[in-house]
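The opening residue of the sequence shown carries number 1 in this note's numbering; numbering runs sequentially from there.
Just so it is clear, CB atoms sit at the ideal spot from N, CA and C, and this is done for glycine as well.
Structure, as structure tokens:
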Amino acid sequence: MKIRLRPTVGKVVLLATVALTALVPMSPALAGSYTPIFGSGSTWASVALTQWAQNLHANGITIQFNPDGSAAGRDDYMNGTDDFAASDPPFRNGTDPFDLSGSEHSPYGYSYVPDTAGGTAFMYHLDVGGHLITNLRLSGETIAKIFTGVITNWDNPEITHDYGTPLPNIPIIPVVRSDGSGATYFFTRWMSHMYPSIWNAFCAKITNNRVGTPGHPCIQTEFYPGGWGASVSQNGSNNVASYVTASYGQGAIGYDEYAYALNSHYPVVSVLNPAGYYVQPSASNVAVALTKAIINEDPSSPNFLQQDLDNVYTFTDPRSYPLSSYSYLIVPRVGTAIPATFSNGAGATLSTYIDYFLCAGQQYSAELGYSPLPLNLVEGGLLQSSKIPGAVPTPSMANCDNPTLRDGQLIVLDDAPYPNKCEKVGSPLNCNPNSSGKPGAHPSTSASTGTTTANNNGGSANAAPEGPVTGQVVNLASDSSSSTMLGLMTALELLVVVVAPPAIYMILRRRRQARQ
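Structure follows, in structure tokens:
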């Protein structure tokens with residue numbers, strides 16, 4: 001099965017139980033009595049986690065998730081008020097150079113389970129002559145220099161070299177997160193590993209040489225420092241996207257999860273990868289990259305069960321998106337201290353949920369703005385799922401209906417589209433994409449054509465748009481009545497996805513605590 005990337009122009013999303021039940025009929029074997037479970041955490045993963053939970057609801061499985069952010073989710077787990085947490089970064093170990101609150105020590109044991117994958121994307125706003133540039137391409141070094149204040153204007157020669165033609169002489173407005181963020185964590189991890197001299201020099205300047213100096217290297221952080229140059233700090237992914245896309249956002253560039261750029265229908269930078277191709281953070285490019293992710297399985301390591309992305313950053317496959325990563329579910333682990341409210345019944349529900357989303361649930365990742373997890377991460381996740389107290393039997397990989405697999409074997413490296421020759425470094429903006437980057441390969445749908453038109457498709461000028469589909473797909477015509485319907489359905493979606501889960505979660509959790 002090939003990774004499916006559905007266009008979303010003229011389509012809307014309706015996240016409702018009836019639609020989701022119709023979308024994913026489940027096996028009768030899943031039917032039965034299940035203990036309700038409660039979780040909280042990552043806003044980035046929440047769209048997928050919520051849909052997967054709704055998919056299982058018709059089978060008597062109740063999973064309530066409160067998207068209160070990764071740090072809050074970890075706190076909830078440490079306080080014993082949740083059955084699981086969702087977090088983009090792992091528990092803090094006290095070495096974060098910009099968070100002096102110390103390390104996080106959970107009194108309960110846990111495993112990290114991969115759940116959603118995606119690419120850290122760079123959404124930007126550049127209008128030239130009334131047209132939005134949609135095919136910007138930049139090298140990693142140039143991006144690192146932009147977000148450390150080394151490059152401050154869009155007409156900088158290094159940007160001109162990457163893009164292929166001069167851009168206007170206007171200030172760059174780097175938009176960073178003011179709150180603790182998984183996107184910040186993954187972005188700064190990449191910079192600290194790939195461009196340590198640039199990142200260390202920035203840290204040394206910001207901290208007055210507290211870190212970033214010889215003997216005191218600056219590592220990744222959840223908290224991007226603000227107040228430097230023309231930078232703007234925004235609380236939350238939505239506010240980053242809102243600032244970049246606003247009328248006053250001309251010249252802005254921000255980092256964010258790719259799903260937010262897709263929702264905004266705004267372009268993101270094509271990033272130069274180690275193979276010499278400018279690539280987008282598409283579902284297939286991220287899945288290809290993450291075949292090189294490694295799960296630390298050394299129980300004596302302080303990074304036990306955490307992801308090692310070093311080989312992802314340097315992967316020389318032409319399709320690989322370098323800033324690819326994945327989020328975690330934090331779950332109880334057999335043989336360790338277990339939260340008092342967690343039961344074997346909760347473990348059966350939680351492991352059923354995980355087994356489902358690692359396999360069949362990944363079919364909808366691309367439509368939600370994520371990437372499906374490849375074989376190595378699915379196997380690692382299923383292994384940790386089996387260690388949950390009360391876990392159900394792990395499904396056979398041959399029966400795992402994950403779109404990166406066939407009969408339990410990895411196929412994404414065979415089926416994922418290759419970039420077009422026009423995405424090769426050095427190709428002119430007016431390049432004619434008439435052949436693929438590899439003989440006989442499927443050409444990529446994200447080739448740049450060099451035009452600077454305001455197609456707002458979330459990718460390069462010739463990109464086939466793809467976006468999040470969180471339920472039944474409804475086709476709408478382009479008349480005014482359809483616009484009204486779009487507004488009403490979008491409002492309903494926001495109500496269901498954003499407002500309802502936390503409210504229901506809190507009510508049920510209070511009832512649960514009252515019974516104890």
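### Message
Can you find the residues in the same chain that come closer than 8 Å, C-beta to C-beta, to Ala230, ignoring five residues on each side of it along the sequence?
### Response
Thr152, Pro171, Ile172, Ile173 and Pro174
### Query
DSSP on Gly41, reduced to helix/strand/coil?
DSSP places Gly41 in strand when its eight states are reduced to three.
### Query
Is the beta carbon of Ser371 sitting closer than 9 Å to the one on Ser282?
yes
### Message
By the three-class DSSP mapping on this structure, what secondary structure does Ser446 have?
### Response
In this prediction, Ser446 has a pLDDT of 40, which is less than 50 and means its spatial position is unreliable; what the coordinates show is noted afterwards. Correct three-state label for Ser446: coil.
### Task
Take Ser325 as the anchor and find which of Trp52, Arg189 and Ala348 has the nearest alpha-carbon.
Arg189
### Message
Closest to Gln409 by C-alpha separation, out of Ala416, Ala398 and Tyr418, would be which residue?
### Response
Ala398
### Query
Under the three-state reduction of DSSP, which class applies to Lys387: helix, strand or coil?
coil
### Query
With distances taken between CB atoms, is the gap from Gly140 to Pro267 smaller than 9 Å?
With respect to the 9 Å criterion, Gly140 and Pro267 are not classified as neighbours on the basis of their beta carbons.
### Message
Please classify Arg137 as buried or exposed, where buried requires at least 16 neighbouring CB atoms within 10 angstroms.
### Response
By the neighbour-count criterion, in which 16 or more other beta carbons inside 10 Å mark a residue as buried, Arg137 falls on the buried side.
### Query
Heavy atom of the ligand ZN less than 8 Å from the Cβ of Asn344, yes or no?
You won't find the ligand ZN in this model; it holds no ligand whatsoever.
### Query
Hey, how far is the Cα of Asp68 from the Cα of Cys359?
26 Å
### Task
Indicate whether Ala287 and Thr316 have their beta-carbon atoms separated by less than 9 Å.
no
### Task
Below 6 Å CB to CB, which residues in the same chain sit around Pro339 once its five sequence neighbours on both sides are set aside?
Gly80 and Tyr108
### Task
Evaluate contact between the segment 384-400 and the segment 341-361, counting only Cβ atoms and requiring at least three cross-stretch pairs below 8 Å.
yes
### Segment contact flag, the segment 118-138 with the segment 193-207, C-beta cutoff 8 Å, min 3 pairs
no
### Query
Mind checking whether Ser70 and Glu297 have CB atoms under 9 Å apart?
no
### Query
Under a three-way DSSP split, which group does Pro332 fall into?
coil
### Query
For Leu309 versus Phe186, is the C-beta spacing smaller than 9 Å?
yes
### Task
Taking only the alpha-carbon atoms, compute the straight-line gap between Pro393 and Gly130 and give it to the nearest angstrom.
The alpha-carbon atoms of Pro393 and Gly130 are separated by roughly 58 Å.
### Spatial neighbours of Thr184 in its chain, beta-carbon cut-off 6 Å, leaving aside the 5 residues before and after
Here the set comprises Arg177, Glu222 and Tyr224.
### Query
What do you get for His105, buried or exposed, if any count of 16 or more other CB atoms within 10 angstroms of its CB means buried?
So His105 ends up on the exposed side.
### Task
Mind checking which residues open and close the beta strand (DSSP E) that includes Glu257?
Ala252 to Glu257
### Message
Which same chain residues end up closer than 8 Å to Pro395 when comparing Cβ atoms and leaving out the 5 residues on each side of it in sequence?
### Response
These residues qualify, in order along the chain: Asp355, Cys359 and Leu382.
#### Entry: Rounded separation between Ala53 and Ser351 - CA only
12 Å
### Task
Let me know if His125 comes out buried or exposed under the rule of 16 or more other beta-carbons within 10 Å of its beta-carbon.
buried
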